[in-house]
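Position 207 of the sequence shown, counted from 1, bears residue number 260 in the working numbering, the numbering being contiguous throughout. All remarks here apply to the structure that follows.
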Amino acid sequence: IVPLDKPNTTDFVSFYAAGALADAGTPALAYDQAAHLAAEEAVVGRGIEYQFFNYPPVYQALFMPISRLPYLAAFIGFETATLLLYLAVARRILGDYGGTALLALIAFPMVWWNIGLGQNAFLTAALFGAATLLVDRRPGLAGICFGALCYKPHFAVLVPLALAAGGHWRVIAAAAATAAVLIALSVAVLGWATWQAFFITAGTSHSMYESGRILFAGFVSPFGAVRLLGGGIALGYAVQAVFAIVAAAIVAIVWWRGASLPARAAVLASASLIASPVSLLYDLMLGTIAACWLLRDGGRAPGWEKAVVAVMYVFLLGSRYFAETISLPVNTIVATSLLAMATRRAWREFGFTAPWRQQPDATPSR
Numbered sequence: 054i055v056p057l058d059k060p061n062t063t064d065f066v067s068f069y070a071a072g073a074l075a076d077a078g079t080p081a082l083a084y085d086q087a088a089h090l091a092a093e094e095a096v097v098g099r100g101i102e103y104q105f106f107n108y109p110p111v112y113q114a115l116f117m118p119i120s121r122l123p124y125l126a127a128f129i130g131f132e133t134a135t136l137l138l139y140l141a142v143a144r145r146i147l148g149d150y151g152g153t154a155l156l157a158l159i160a161f162p163m164v165w166w167n168i169g170l171g172q173n174a175f176l177t178a179a180l181f182g183a184a185t186l187l188v189d190r191r192p193g194l195a196g197i198c199f200g201a202l203c204y205k206p207h208f209a210v211l212v213p214l215a216l217a218a219g220g221h222w223r224v225i226a227a228a229a230a231t232a233a234v235l236i237a238l239s240v241a242v243l244g245w246a247t248w249q250a251f252f253i254t255a256g257t258s259h260s261m262y263e264s265g266r267i268l269f270a271g272f273v274s275p276f277g278a279v280r281l282l283g284g285g286i287a288l289g290y291a292v293q294a295v296f297a298i299v300a301a302a303i304v305a306i307v308w309w310r311g312a313s314l315p316a317r318a319a320v321l322a323s324a325s326l327i328a329s330p331v332s333l334l335y336d337l338m339l340g341t342i343a344a345c346w347l348l349r350d351g352g353r354a355p356g357w358e359k360a361v362v363a364v365m366y367v368f369l370l371g372s373r374y375f376a377e378t379i380s381l382p383v384n385t386i387v388a389t390s391l392l393a394m395a396t397r398r399a400w401r402e403f404g405f406t407a408p409w410r411q412q413p414d415a416t417p418s419r
């Protein structure tokens with residue numbers, strides 16, 4: 054697309070190389086940067102910038118069979134399969150199988166960021182969306198979908214809170230059992246030493262995200278927004294903590310009070326983006342799950358709400374440009390706006406109205 058003056062690659066090479074090391078019988082080396090870089094260079098050539106692998110061994114086990122495919126076949130196959138899974142779930146949430154809805158979903162800017170970077174946000178969004186679809190009707194299957202998110206656990210941190218507040222104990226049990234089985238299988242296949250290596254890597258990975266090695270313009274979290282605006286690390290974590298506590302409180306109240314499924318699901322999906330300090334621009338695919346739930350019943354969604362979603366959609370086309378030129382954290386603004394809209398939807402379902410919108414008492418005074 055453009056001329057490159059040095060070798061280049063994507064995040065996918067990190068996953069592929071980790072799977073190849075596991076398939077070769079040396080899975081723990083995926084958490085050794087020198088060995089992992091050598092495995093990446095063996096795939097795409099020397100001189101590339103190192104792509105970290107900070108995922109738990111559950112995810113590495115997934116890529117053991119995938120790494121047996123040629124690199125480009127694996128890349129295209131993984132992105133295509135997870136995109137189709139995401140589209141099936143998103144269209145089911147919307148209840149709209151028409152061509153216009155499909156075009157809007159495929160044209161969403163973060164779809165192309167995810168494909169271009171070779172990331173896994175389609176899979177995350179599909180599992181999260183499927184779990185919310187099934188949570189009331191098929192608790193066992195919903196729990197399996199939530200439990201499978203253990204490969205990216207920071208996006209499931211609010212899930213136990215929501216399920217406990219809503220009394221979805223069968224879903225919690227199924228999710229815990231699924232995560233336990235996947236972890237046990239990864240230990241059996243890859244060995245406990247691989248998990249030990251992961252824990253060491255996970256304990257130091259925060260320094261990479263704090264340093265700017267990953268551009269703050271690509272962050273979604275409030276932490277990233279503070280750093281983009283020039284704030285320090287301590288301030289970033291302080292602001293992140295405030296937003297995470299507020300998001301958790303909203304999730305707990307909305308699920309405890311039993312809002313409608315669209316409101317509950319939209320709140321949980323959007324709050325999960327805010328609660329994690331490590332949420333990046335492609336992770337806004339999870340935000341589309343919240344948006345699909347908000348727009349599920351087109352007749353109930355007010356016109357201004359649809360307009361706001363449309364503005365967000367277009368605004369994200371230039372998110373990196375705005376972030377890098379005027380330090381405007383577009384991704385964070387979009388994520389918090391989604392949470393605010395979902396919270397407002399639940400608030401109105403509970404019968405609450407802003408004081409300035411309340412009708413005056415028509416009873417004549419004496």
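For each residue, glycine too, the CB sits at the ideal point set by N, CA and C.
Contact under 8 Å by Cβ, residue i with residue j
{"i": "VAL111", "j": "LEU211", "result": "no"}
{"i": "ILE327", "j": "GLY182", "result": "no"}
{"i": "GLN113", "j": "VAL66", "result": "no"}
{"i": "SER372", "j": "LEU281", "result": "no"}
{"i": "TYR139", "j": "ALA179", "result": "yes"}
{"i": "PHE276", "j": "ASN384", "result": "no"}
{"i": "GLY196", "j": "ALA227", "result": "yes"}
{"i": "LEU391", "j": "GLY340", "result": "yes"}
{"i": "PRO60", "j": "ILE101", "result": "yes"}
{"i": "MET163", "j": "MET338", "result": "yes"}
{"i": "GLU132", "j": "ILE159", "result": "no"}
{"i": "ASP76", "j": "ARG121", "result": "yes"}
{"i": "ILE129", "j": "TRP346", "result": "no"}
{"i": "ARG144", "j": "ALA154", "result": "yes"}
{"i": "SER329", "j": "SER274", "result": "yes"}
DSSP state of residue i mapped onto helix, strand, coil
{"i": "PHE106", "result": "coil"}
{"i": "LEU381", "result": "coil"}
{"i": "LEU333", "result": "strand"}
{"i": "PHE403", "result": "coil"}
{"i": "PHE272", "result": "strand"}
{"i": "SER264", "result": "helix"}
{"i": "VAL210", "result": "coil"}
{"i": "LEU282", "result": "coil"}
{"i": "LEU312", "result": "It should be pointed out that residue 312 corresponds to Ala in this sequence rather than to Leu. Looking at ALA312 - three-state DSSP - the assignment turns out to be coil, as it is neither helix nor strand."}
{"i": "ARG145", "result": "helix"}
{"i": "PRO56", "result": "coil"}
{"i": "ARG410", "result": "For ARG410, the predicted structure reports a pLDDT of 49, less than 50, and the residue's modelled location is therefore unreliable. The matter cannot be settled from this model."}
{"i": "PHE252", "result": "helix"}
{"i": "THR62", "result": "coil"}
{"i": "SER390", "result": "helix"}
Residue range of the unbroken alpha helix (DSSP H) whose run includes residue i
{"i": "ARG121", "result": "Taken as a continuous stretch (DSSP letters only), ARG121 belongs to no alpha helix (DSSP H), as it is neither H nor E."}
{"i": "TYR69", "result": "65 to 76"}
{"i": "CYS203", "result": "No alpha helix (DSSP H) contains CYS203, which DSSP labels as neither H nor E."}
{"i": "ILE101", "result": "Segment: none, ILE101 is in no alpha helix (DSSP H) and carries neither H nor E."}
{"i": "HIS89", "result": "86 to 97"}
{"i": "LEU180", "result": "174 to 187"}
{"i": "TYR150", "result": "TYR150 -> no alpha helix (DSSP H), and no H or E assigned at all."}
{"i": "THR79", "result": "Taken as a continuous stretch (DSSP letters only), THR79 belongs to no alpha helix (DSSP H), as it is neither H nor E."}
{"i": "PHE368", "result": "356 to 368"}
{"i": "ALA83", "result": "No alpha helix (DSSP H) holds ALA83; DSSP gives it neither H nor E."}
{"i": "SER239", "result": "222 to 243"}
Residue i classed as buried or exposed, judged by whether at least 16 other C-beta atoms fall within 10 angstroms
{"i": "GLN86", "result": "exposed"}
{"i": "GLY289", "result": "buried"}
{"i": "ALA312", "result": "buried"}
{"i": "TRP222", "result": "exposed"}
{"i": "TRP409", "result": "Bear in mind that the predicted position of TRP409 carries a pLDDT of just 42, short of 50, making it unreliable; the figure below should be weighed with that in mind. The residue in question, TRP409, is exposed, as its Cβ has fewer than 16 Cβ neighbours within 10 Å."}
{"i": "ALA399", "result": "buried"}
{"i": "GLN249", "result": "exposed"}
{"i": "ALA319", "result": "buried"}
{"i": "VAL295", "result": "exposed"}
{"i": "PRO56", "result": "exposed"}
{"i": "THR62", "result": "buried"}
{"i": "MET261", "result": "exposed"}
{"i": "GLY265", "result": "exposed"}
{"i": "ASP70", "result": "The residue you asked about is not Asp; residue 70 is Ala in the sequence shown. By the neighbour-count rule (16 or more Cβ atoms within 10 Å), ALA70 is buried."}
{"i": "ALA407", "result": "Reliability fails at ALA407, whose pLDDT of 49 lies under 50, so the model's placement of it is uncertain and no value is given."}
{"i": "ASP58", "result": "exposed"}
{"i": "ILE253", "result": "exposed"}
{"i": "LEU243", "result": "buried"}
{"i": "TYR150", "result": "exposed"}
Presumed contact (8 Å Cβ cut-off) between residue i and residue j, rounded CB distance
{"i": "PHE106", "j": "TYR84", "result": "7 Å"}
{"i": "ALA395", "j": "ALA300", "result": "Incorrect: roughly 11 Å between the Cβ atoms, too far for contact."}
{"i": "VAL188", "j": "VAL224", "result": "6 Å"}
{"i": "ALA218", "j": "TRP309", "result": "4 Å"}
Any C-beta of chain B under 8 Å from that of residue i
{"i": "PRO118", "result": "Here chain B cannot be found, since the structure has a single protein chain."}
beta-carbon residue i near the ligand FMN non-hydrogen atom, thresh 7 Å
{"i": "ALA297", "result": "Absent from the structure shown: the ligand FMN. Ligands present: none."}
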